[in-house]
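Chemist: So the sequence shown is numbered by the working numbering: it starts at 365 and just counts up by one.
My questions will all concern the structure given below.
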Amino acid sequence: LGAEEPGIEVEIVASNQVENLLRRDADIAIRMVKPAQNELVARKVADIPLRACAAKSYLDRRGRPREPGDLAGHDLIGFDRSDEIIRGFAQFGVPLTRNAFRFRTDNQIVLWEAVRAGNGIGFGQEPLADRDPLVETVLPGLALPTLPVWLAMHRDVRTSVRIRRVADFLYEELKRYSAGAASGANSAR
């Protein structure tokens, strides 16, 4: 995009916090929940499947779980303050507390890097796991929720040619990224 549109400046806020588009803290947001405010325009990009996964080095060292109950004997990687993963396990009848996670962080990037580094079993996006040669899917039959991806912007900025161009670019690139999950690229791992 930078080569095609040299006048566009990009500032990325990589955060799990929801930036306030109503106050114009950001022009465009990629969100994992549909924005509820009427002043925002949202476009659904995809539903990205999630997977339980671990570094091959961790699984070679600790063994590969054969069923969900086997996870209790493994080091788990999860969120610190967010109870998202804990609620997910509860849906499967597996009660957990935050202390079940040997490695905790609320930052998705740090969480993924902990998985890649062999710190335990964590959860990640299917297209990301498929593209990473260090990572292997754990319990491929485990039914995990999908991650809805939305592109959102304030209604007033969507008429800006530059912002529209960036939004269209992001939409297409996120679609392409999520298509790796739909096509099952490397999913036999």
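Ideal placement from N, C-alpha and C gives every residue a C-beta, glycine not left out.
Quick caveat: nothing in here was measured; it's all calculated off a predicted structure.
With distances taken Cα to Cα, identify the nearest neighbour of K398 among E477, M517, G371, I372.
Modeler: M517
Chemist: Figure out for me which residue from S524, L404, R395 has the closest Cα to the Cα of R387.
Modeler: Looking only at S524, L404, R395, the smallest Cα-Cα distance to R387 is reached by L404.
Chemist: Should V502 go down as buried or exposed, given a rule of 16 or more other Cβ atoms within 10 Å for buried?
Modeler: Counting Cβ neighbours within 10 Å, V502 comes out buried, since at least 16 surround it.
Chemist: When DSSP builds the beta bridges, which residues end up paired with E346?
Modeler: Because the chain here runs from 365 to 553, residue 346 falls outside it and cannot be looked at.
Chemist: Does the separation of the CB atoms of L444 and R428 fall below 8 Å?
Modeler: In the sequence as displayed, the identity of residue 444 is Asp instead of Leu. Contact flag unset, no.
Chemist: Is DSSP giving A400 helix, strand or coil here?
Modeler: coil
Chemist: Applying the criterion that 16 or more other CB atoms from any shown protein chain within 10 Å of the CB defines a buried residue, is P491 buried or exposed?
Modeler: buried
Chemist: Name the two residues that bound the continuous alpha helix (DSSP H) containing I473.
Modeler: Its alpha helix (DSSP H) spans residues 472 to 480.
Chemist: Measure the beta-carbon distance from P515 to Y535 and round it to whole angstroms, keeping in mind my assumption that it falls under 8 Å.
Modeler: According to the sequence provided, residue 515 is Leu. The question's Pro does not apply to it. With 8 Å as the limit, L515 and Y535 qualify as a contact, their Cβ atoms being about 5 Å apart.
Chemist: Taking V474 and A418 to be in contact with their CB atoms under 8 Å, please state how far apart those CB atoms are, rounded to whole angstroms.
Modeler: Not a contact, Cβ separation roughly 16 Å.
Chemist: Rounding to the nearest angstrom, what Cα-Cα distance links G352 and A436 in this structure?
Modeler: With the chain covering 365 to 553 only, the question about residue 352 has no answer from this structure.
Chemist: In angstroms, rounded to a whole number, what distance separates the CA positions of M396 and L511?
Modeler: 6 Å
Chemist: Would DSSP call R395 helix, strand or coil?
Modeler: In the three-state reduction of the DSSP assignment, R395 falls in the strand class.
Chemist: Any idea which residues DSSP pairs F467 with across the strands?
Modeler: I441
Chemist: Since I believe I441 is in contact with I412 (beta carbons under 8 Å), could you give me their beta-carbon distance rounded to a whole number of angstroms?
Modeler: The Cβ separation is near 19 Å, so there is no contact.
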